[in-house]
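In this text, residue positions in the sequence shown follow the working numbering: the first is 83, and each later residue adds one.
Working notes, beginning with the structure itself.
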Amino acid sequence: AKRWMFYEYFIRRAAGLGNAPTKADPDRFAQRAAFCDVLVVGAGPAGLTAAQAAAEAGERVMLVEQDRILAPSLVRDPQQPDAAWVGNTATRIRDLGCRILLRTTAAGYWDDNLIVLTERLAEPGEQPENGLAQRMWHVRAKRVVLATGALERPLAFAHNDRPGVMLSQAVRTYVRRFGVVPGRRAVIATNNDDAYLTAASLRDAGAEVAAVLDTRPAPAGADRGFTVYNDAVPQSTTGARHCLKSVSATVAGKPMHFAADLLAMSGGFTPVVHLHMQAGGAALDWDAASQAFLPGTARQNVESVGAAASAEPIGPTPAPDNPGKAFIDFQNDVTLGDVDLAWAEGYRSVEHLKRYTTLGMATDQGKMSNMAALGRLAERQGVAIPEAGLTTFRPPYTPITMGLLAGRTTRDAGAHLRRLALHDQHMEHQPIWQPLGYWKRPRAYPQQGETLAVAALREARGVRNAVGMTDVSTLAKFEISGPDAVALLERICATTVGKLAVGRGRYTFMLREDGLVFDDGTVWRLAEDRFLLTSSTGGADRMATHLSYVRQVLFPALRVSVVNVQEHHAGIAVAGPKAKAVLEALIGQAPPRHMSAMTATIAGVPVLVLAASYSGERAFEIYAEASHAAPVWLACEAGVTVAGGCLYGMEAMEFLRIEKGHLVVGGEVDGR
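Laid out in structure tokens, this is it:
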């Protein structure tokens, strides 16, 4: 334990995780809603064809593509429809009114065909033209077409994480799209036909293809001019610090070694079914030929097309001799050996395996690793992969910037802050402000360079020794009236309300359905059928929702009205040994006794006076209409000053209530 401070730096650095930013995000974000008849996700050949068919049928179409170009697979695979076809199709559907969004990812699929899109308006390092870095779309579509394609799987063998070991299609993309050849001498390891296109691309670019290692006994493509080894299983790689040196494999059971600085591997393809499952796909269909899950039926109006609905058949995928360094989750460093260890430790469920090994819990959420892990688990269980189970695909499909979730409200200027009715009166004393829910309340009123702690202690002593006043306008306040007001309150409050006399009040708890404290406050009987219920500032919104739910849903037959008067009344609390004398001078009569209420006039303004204490001292809460509260505040302030008192803020209030043992919901009582 003593050496942890020394080791911690190296352990955390080895984890390979980024650092949390310490500065404000300089980017700006926006949110937008849209409606369409057909939303097509993915602008490959299948997506473009689906969008064109829908547009020509007179439907309003949106087409989204996560890449910066349409049909990026056609650049990688020129044997498919050419760029002219893509351009003509895009022009045609645009002319028909189709909205095309590039650099846009479908992040999640919710009920009623609600799809959330994240549009990148500028890449990292770019200066956005309109000042917005990203935009979030909430799209409601009558029908959704998922042309999301399929993801290539890696092969599992020892040291498959070395530099120079790449996915086959990634190599082909570098060569065909970006004009970059990742190596001079390449080995191709595959169990399917697609990797032969990579071999051809490398050869056309001038690289040497030393060998094609195909796990199938009689692969197609053996006549394409490459040295092909059938029944070949990659076993390991060797290399220096930053490059690959050689590839080891077994061919028909015999070991062989190939010098190479590039290994392009392809273990088959996994259709992207994430959005289909989020759409309520009841089950996925298993395709044994491709060893992949395919979209089944869904409860929403959605269909999958293209590679998302079918996968290319593959050959066998034999396990390597050394599973300990055969990585299947490259981001969380999970190996086949880790899956074996989890099995040996007794973890049989795929969900337990996931959490024990952290498999699929990185930012890619198992897109590359899931099938290899399921295959290994099924092998240990002695069952087929579908019987081994499948983890749940949840949104978002890819990580979302936190600022994008907030949209335009990422800065204080966009926050929904409410000003106190007495804000200007507070500003005259230059308080330290504290956010509380949607409000900002004075935390303390420092004088002559006082720190927060010194000011709060001075204010607390002023209340204990003389008198103080504070703003309590933000307390939640509800006026409840009607013949069944008592019945409603006794369903809300954990106390007897019907026995309260007019002009009296009591402290009360509001409980959740499980009996734990929901909020606390006071209830006052102002007339036979009219009550005032107060509760905490932080719980004001949830209390309003709770009251509406109980009245409208649980007991709709009750004859009762509930009005939220939180912002209608400004509140001032006067507390301390001299509070009674100050209030008596203000209202010209004896103030109410503890937990009693009365109406009076202060500075010509009608007020409601409640005798209740949160500080442990004699205290009164004075409520006036918000628009007429300033004269009341000034009169109270003058009376408190004459009595040798002061203003006090929330920090002093905390000192006072803790000293007297008063609880606060959210602090000492948190619903647990």
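Where is the CB? At the ideal position from N, CA and C, for every residue including glycine.
Check	Outcome
Touch test, the stretch 554-567 against the stretch 645-656, Cβ-Cβ under 8 Å, three pairs minimum	yes
Integer Cβ distance of residue 585 from residue 568, believed to fall under 8 Å	Actually they do not touch by this definition, with Cβ atoms about 16 Å apart.
DSSP-derived helix/strand/coil call for residue 322	coil
Distance CB(residue 146)-CB(residue 132) smaller than 8 Å	no
Residue nearest to residue 265 in terms of C-alpha spacing, selected from 292, 383, 109	292
Whole-angstrom distance between residue 588 and residue 679, CA atom to CA atom	11 Å
Bridge partners - residue 751, DSSP secondary structure assignment	747
Backbone secondary structure at residue 118 - three-state DSSP	strand
Distance between residue 249 and residue 435 (C-alpha atoms, nearest Å)	25 Å
Assigned secondary structure, residue 676 (DSSP; H/G/I helix, E/B strand, else coil)	coil
Same chain only: Cβ atoms within 6 Å of residue 452, ignoring 5 sequence neighbours per side	442
Residue 601, buried or exposed, once every other Cβ within 10 Å from all chains shown has been counted against 16	buried
Beta-carbon proximity check, residue 349 vs residue 237, cutoff 8 Å	yes
Sufficient close CB pairs (3 or more, under 8 Å) joining the stretch 541-550 to the stretch 712-732	yes
Counted within 10 angstroms of its Cβ, other Cβ atoms place residue 606 as buried (16 or more) or exposed	buried
Where residue 634 falls, given that 16 or more other Cβ within 10 Å makes a residue buried	exposed
Validate contact between the stretch 285-299 and the stretch 407-419 using beta carbons, cut 8 Å, 3 pairs	no
Beta-ladder partner(s) of residue 702, from DSSP	656
Inter-residue Cα distance where the pair is residue 689 and residue 707	8 Å
Nonlocal neighbours in the same chain, by C-beta distance under 8 Å from residue 328, ignoring five residues either side	319, 320, 321, 339, 340, 341, 342
Selection from 385, 353, 715 that minimises the alpha carbon distance to residue 362	385
Pairwise C-alpha distance: residue 489 and residue 496	Because the pLDDT at residue 496 is just 49, under 50, the model does not fix this residue reliably, and the value given afterwards should be weighed accordingly. Each residue's alpha carbon lies about 9 Å from the other.
Three or more C-beta pairs below 8 Å linking the stretch 267-277 and the stretch 392-403	yes
Opposing strand residues paired with residue 347 [DSSP bridges]	249, 271
7 Å Cβ shell around residue 559 - same chain, five flanking residues per side excluded	614, 616, 647, 648, 651
Residues of its chain near residue 92, where Cβ-Cβ distance is below 8 Å and the 5 sequence neighbours each way are ignored	none
C-alpha gap between residue 741 and residue 501, whole angstroms	30 Å
For residue 74, three-class secondary structure by DSSP	Beyond the ends of the chain as shown, which are 83 and 754, falls residue 74; an answer cannot be given.
Proximity of residue 120 and residue 229 at Cβ, strictly below 8 Å	no
Beta-carbon proximity check, residue 326 vs residue 353, cutoff 8 Å	no
Same chain, Cβ closer than 8 Å to residue 402, five either side skipped, listed in chain order	238, 239, 240, 315, 316, 317, 318, 408, 418
Distance CB(residue 190)-CB(residue 390) smaller than 8 Å	no
DSSP-derived helix/strand/coil call for residue 496	For residue 496, the predicted structure reports a pLDDT of 49, less than 50, and the residue's modelled location is therefore unreliable. The matter cannot be settled from this model.
Terminal residues of the beta strand (DSSP E) in which residue 526 lies	521-526
Any non-hydrogen atom of the ligand ATP closer than 7 Å to residue 421 Cβ	Questions concerning the ligand ATP fall outside what the structure shown contains, since it holds no ligand whatsoever.
Helix, strand or coil at residue 507 according to DSSP, with G and I counted as helix	helix
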